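Report on the following structure.
In my numbering, the protein residues as written are 5 to 187.
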């Protein structure tokens with residue numbers, strides 16, 4: 005997937021400025037596709053040149069005008085074509101998994117250091133899960149929504165929640181295994 009597709013989805017959900025788009029990436033789409041502000045602005049400029057988005061200057065009181073982006077017909081066609089493409093299996097590259105296997109060739113001190121790293125890594129996933137759960141409580145407080153857009157946003161969030169729970173379960177197993185090896 006290219007960043008362009010993630011931006012098109014976000015702009016179809018709600019048109020906005022580059023700044024607003026970057027904020028949305030931090031809050032929602034960024035759960036599954038990350039991009040820096042600079043990357044977003046660079047891609048928006050290219051998408052504008054390719055006529056995938058239109059830009060409207062919006063006046064702001066006491067501040068410079070902002071540029072608000074909307075998906076243009078060519079952008080919608082590009083997204084539709086991409087949506088119809090088959091999804092390719094993603095290669096899993098997991099540095100921590102290789103380090104865990106490599107710990108077989110290290111000493112007890114190295115495994116102790118690895119244990120600390122796994123615990124730190126686990127804490128980041130626990131914090132991510134908490135953010136996802138807080139977002140779910142905030143954005144989807146009631147019974148299942150029948151709106152297509154909100155239903156699909158929620159099912160993707162539930163996938164992220166399930167993924168983080170799976171990672172935490174695995175990390176707990178890794179921690180237990182590392183502790184048992186040196187005791």
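Note that beta-carbon positions come from the ideal geometry of N, C-alpha and C, so glycine has one too.
Note that this is a predicted model, so its numbers are computed, not measured.
Next item on the list: Indicate whether residue 74 and residue 58 have their beta-carbon atoms separated by less than 8 Å.
Entry: yes
Notebook entry, point to check: Helix, strand or coil: which one does DSSP assign to residue 68?
Noted result: strand
Next item on the list: Decide if residue 136 is buried, meaning its Cβ has at least 16 other Cβ atoms within 10 Å, or exposed.
Entry: buried
Check: residue 60 by DSSP, collapsed to three states: which one?
Finding: strand
Notebook entry, point to check: residue 48: buried (16+ other C-beta within 10 angstroms of its C-beta) or exposed?
Noted result: buried
Margin query: Once DSSP output is grouped into helix, strand and coil, what is the label at residue 1?
Written below: No answer is possible for residue 1: it lies beyond the span of the chain, which begins at 5 and ends at 187.
Checklist line | Segment contact flag, the stretch 163-180 with the stretch 123-134, C-beta cutoff 8 Å, min 3 pairs | finding: With the cut-off at 8 Å, the stretch 163-180 and the stretch 123-134 touch.
Margin query: Can you tell me whether residue 155 is buried or exposed? The criterion is at least 16 other CB atoms within 10 Å of its CB, across all chains shown.
Written below: exposed
Next item on the list: Name the two residues that bound the continuous alpha helix (DSSP H) containing residue 174.
Entry: 152-185 is the extent of the alpha helix (DSSP H) around residue 174.
Next item on the list: Determine the closest residue to residue 116 out of 98, 94, 182, with distance taken between C-alpha atoms.
Entry: 182
Item checked: Cβ of residue 88 within 8 Å of any chain D Cβ -> Any reference to chain D falls outside this structure, which holds one protein chain only.
Item checked: Nearest neighbour of residue 31, chosen from 43, 62, 14 [CA to CA] -> The shortest C-alpha separation from residue 31 is found at 14.
Item checked: Cβ contact check for the stretch 65-73 and the stretch 14-26: 3 or more pairs under 8 Å -> Touching, yes, given that three or more Cβ pairs across the two stretches are closer than 8 Å.
Check: To which residues of the same chain is residue 165 closer than 6 Å at the C-beta, ignoring the five residues directly before and after it?
Finding: 136
Checklist line | For residue 80 and residue 92, the rounded distance between their alpha carbons | finding: 22 Å
Next item on the list: Could you check how far apart the C-beta atoms of residue 185 and residue 133 are, in whole angstroms? I think they sit under 8 Å.
Entry: Between residue 133 and residue 185 the Cβ distance is about 27 Å, and since that is not below 8 Å, they are no contact.
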